[in-house]
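Engineer:
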Amino acid sequence: MKAMREVAIVGIGQHPWGQFPEKNMQEMGVECTVDALKDANMSWRDIQSAAYGAYMWIADRGGVPSLLMGTSIARMMGETGIPMVNCVNACASGQAILREAVLAVASGHADTAIAVAADKSAGGFFRPQLRDPSPSKFDRGAENDTDYIRFCMTGETNPAYWAMELRRRMYDVGTTDEVLAMAKHITSQGAVNNPYARYRKVFTIEEIKASKYIADPLRLFEICATSDGAAAVIVTTLDNAKKHNKKPLLVKAITIGTPTFGDPTIRLTFCSAYPRPGVLDLSESRNAINVIYKISGLQPADIDIIELPDNSSWHYLVYLECILGLKAGEADKMLMSGKVHPITGELPVCSGGGVAAQGEAVVAQGLSQVCQLVRQMRGEAGDGQVKKTKLVNGLAQTYGYAGNNAACILSKAW
Numbered sequence: 012m013k014a015m016r017e018v019a020i021v022g023i024g025q026h027p028w029g030q031f032p033e034k035n036m037q038e039m040g041v042e043c044t045v046d047a048l049k050d051a052n053m054s055w056r057d058i059q060s061a062a063y064g065a066y067m068w069i070a071d072r073g074g075v076p077s078l079l080m081g082t083s084i085a086r087m088m089g090e091t092g093i094p095m096v097n098c099v100n101a102c103a104s105g106q107a108i109l110r111e112a113v114l115a116v117a118s119g120h121a122d123t124a125i126a127v128a129a130d131k132s133a134g135g136f137f138r139p140q141l142r143d144p145s146p147s148k149f150d151r152g153a154e155n156d157t158d159y160i161r162f163c164m165t166g167e168t169n170p171a172y173w174a175m176e177l178r179r180r181m182y183d184v185g186t187t188d189e190v191l192a193m194a195k196h197i198t199s200q201g202a203v204n205n206p207y208a209r210y211r212k213v214f215t216i217e218e219i220k221a222s223k224y225i226a227d228p229l230r231l232f233e234i235c236a237t238s239d240g241a242a243a244v245i246v247t248t249l250d251n252a253k254k255h256n257k258k259p260l261l262v263k264a265i266t267i268g269t270p271t272f273g274d275p276t277i278r279l280t281f282c283s284a285y286p287r288p289g290v291l292d293l294s295e296s297r298n299a300i301n302v303i304y305k306i307s308g309l310q311p312a313d314i315d316i317i318e319l320p321d322n323s324s325w326h327y328l329v330y331l332e333c334i335l336g337l338k339a340g341e342a343d344k345m346l347m348s349g350k351v352h353p354i355t356g357e358l359p360v361c362s363g364g365g366v367a368a369q370g371e372a373v374v375a376q377g378l379s380q381v382c383q384l385v386r387q388m389r390g391e392a393g394d395g396q397v398k399k400t401k402l403v404n405g406l407a408q409t410y411g412y413a414g415n416n417a418a419c420i421l422s423k424a425w
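Counting in the numbering used here, the final residue of the sequence shown is number 425, and the numbers go up one at a time with none missing.
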């Protein structure tokens, strides 16, 4: 079998996160595509393969053009006949499509590829509905969506099951309200100088604790909002990247993770799964992390900066433990010690404020994390640059609905 080629990130583009009713998703995707091409010193005709984030809920968020996001953006950029794929991996879609782009280049099917994702996430719980209430071949009405029916029957929305997991953690390892509030307080300090963040302010401990409960013990400011957002990443061979950009970042490893049967984690689609001895919680996340460490030959101690999916304060803690191979409860101590402060920490985590500061733009979130790593590792984060000077290896992980997960490690290549 032909040896895989080394692949590097040569260009990034990102649209700010927030609410932009004047733009559609395709326009946002085109904007960040153009920015990524400029960053890479390339033209659209240099792109030989493309992967795009698509949608589960298409009827009320743009219809079929949103499901076929790549086709729509290609029409706007100019149809050049390149192969493309439209991917739905829920919140893990961003890194899933980056993996497709990386594999296209690594395998020799393309010399340069792009991953683009854009989202205009609705507020509140995602309800699968039709403008025309009659079911169609492209979408199903809520009355025919068995997952949605089960969620309604059990009250099992995202914050509800996160709260159940958190309550168990509080019982098992003693996580306190102070720790939960600190997770939001600390990460918000990274958002102040991040021009792509939606909430660019420091949330005080008092503000966080005073916010209303959404699902006890999680408060409003301890869970993320949903936002509009878009991002693009261009990858090429390492040799080619060095010709186009003075600071290419090698994609040391990238993978997708899925659950192991018997995982005790409460999930929307696995509420009644039976735990099996020896199967750890968050198995899809642990599986992904184990793979990227194995592929890269690196260990947790080699990682210099982290972007994790802090969709809630519970997520911040458990994903820090997952990524670093810590015992349950150890993340609480790291957080309170200041070691993982987003700007001044020995190991910066969520340097741009994380998902908490952006609000999740579902399919684009994974690419946003990668863009943030790239800016920091290049030293191009401006006033939001971390104080740590040694940034050789960066890790990003994102997770999604139904046990989807993705993770990658980037390394300096200059």
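Beta carbons: idealized from backbone N, C-alpha and C, even for Gly.
Note that the structure is predicted; figures quoted are calculated from it, not measured.
By Cβ distance, which residues of its chain are closer than 6 Å to ARG151, with the 5 residues on each side in sequence left out?
Structural biologist: Any answer about ARG151 is weak, because its pLDDT of 49 lies below 50 and its placement is not dependable; what the coordinates show is given next. Within the same chain, ARG151 has no close Cβ partners at all.
Engineer: Which residue wins for smallest C-alpha separation from VAL329, given the options ASN251, ASP250, SER379, TYR410?
Structural biologist: Of the candidates ASN251, ASP250, SER379, TYR410, the one whose C-alpha sits nearest the C-alpha of VAL329 is TYR410.
Engineer: From which residue to which residue does the alpha helix (DSSP H) around ASN301 run?
Structural biologist: Where ASN301 is concerned, the enclosing alpha helix (DSSP H) stretches over 294-307.
Engineer: Report all residues from its chain with a CB closer than 6 Å to the CB of ILE23; omit the five preceding and five following residues, and keep chain order.
Structural biologist: Here the set comprises ALA47, ASP50, VAL244, CYS382, VAL385.
Engineer: Among LYS34, THR91, ALA62, ASP321, whose alpha-carbon lies nearest the alpha-carbon of ILE197?
Structural biologist: The shortest C-alpha separation from ILE197 is found at ASP321.
Engineer: Quick check on the DSSP output: what are the complete alpha helix (DSSP H) runs of length 4 or more inside the region 83-129, in order along the chain?
Structural biologist: If we require 4 residues or more, the alpha helix (DSSP H) runs fully inside the region 83-129 come out as 104-117.
Engineer: What first and last residue would you give for the beta strand (DSSP E) that runs through GLU318?
Structural biologist: Looking at the DSSP string, the run of the beta strand (DSSP E) that includes GLU318 is 316-318.
Engineer: Taking C-alpha atoms, which residue in ASP292, LYS257, SER324, GLY349 lies nearest to TRP425?
Structural biologist: When only C-alpha atoms are compared, the closest one is LYS257.
Engineer: Given that a residue counts as buried once 16 or more other Cβ atoms are within 10 Å of its Cβ, and exposed if not, what is LEU231?
Structural biologist: Per the 10 Å Cβ criterion, exposed.
Engineer: ASN35 by DSSP, collapsed to three states: which one?
Structural biologist: Coil.
Engineer: Specify the secondary structure class of HIS26 as computed by DSSP and reduced to three states.
Structural biologist: Residue state, collapsed to three classes: strand.
Engineer: Taking just the CA atoms, how far does VAL96 sit from GLY81?
Structural biologist: Cα-Cα distance, rounded: 7 Å.
Engineer: Please state if the CB of LEU421 and the CB of LYS263 are separated by a distance shorter than 9 Å.
Structural biologist: Contact: yes.
Engineer: Between which two residues does the alpha helix (DSSP H) containing ALA223 stretch?
Structural biologist: As written in the sequence, residue 223 is Lys, which differs from the Ala given in the question. Note, LYS223: premise wrong, no alpha helix (DSSP H); not H, not E.
Engineer: According to DSSP, is TRP425 helix, strand or coil?
Structural biologist: Correct three-state label for TRP425: coil.
Engineer: Please classify LYS223: is it buried, with 16 or more other beta-carbons within 10 angstroms of its beta-carbon, or exposed?
Structural biologist: Exposed, by the Cβ-count rule.
Engineer: Just to confirm before moving on: does the CB-CB distance between ALA372 and TYR327 stay below 9 Å?
Structural biologist: Cβ atoms of ALA372 and TYR327: not closer than 9 Å.
Engineer: Is DSSP giving TYR210 helix, strand or coil here?
Structural biologist: Three-state DSSP puts TYR210 in coil, outside helix and strand.
Engineer: Can you tell me which of the three DSSP states ASN256 falls into?
Structural biologist: Reduced to three states, the DSSP call for ASN256 is coil.
Engineer: So, are the CB atoms of ILE314 and MET388 less than 9 Å apart?
Structural biologist: Taking 9 Å as the Cβ cut-off, ILE314 and MET388 do not qualify as a contacting pair.
Engineer: Give the C-beta separation of GLU357 and LYS350 to the nearest angstrom, bearing in mind that I take them to be a contact with Cβ-Cβ under 8 Å.
Structural biologist: GLU357 to LYS350, Cβ: 5 Å. Contact.
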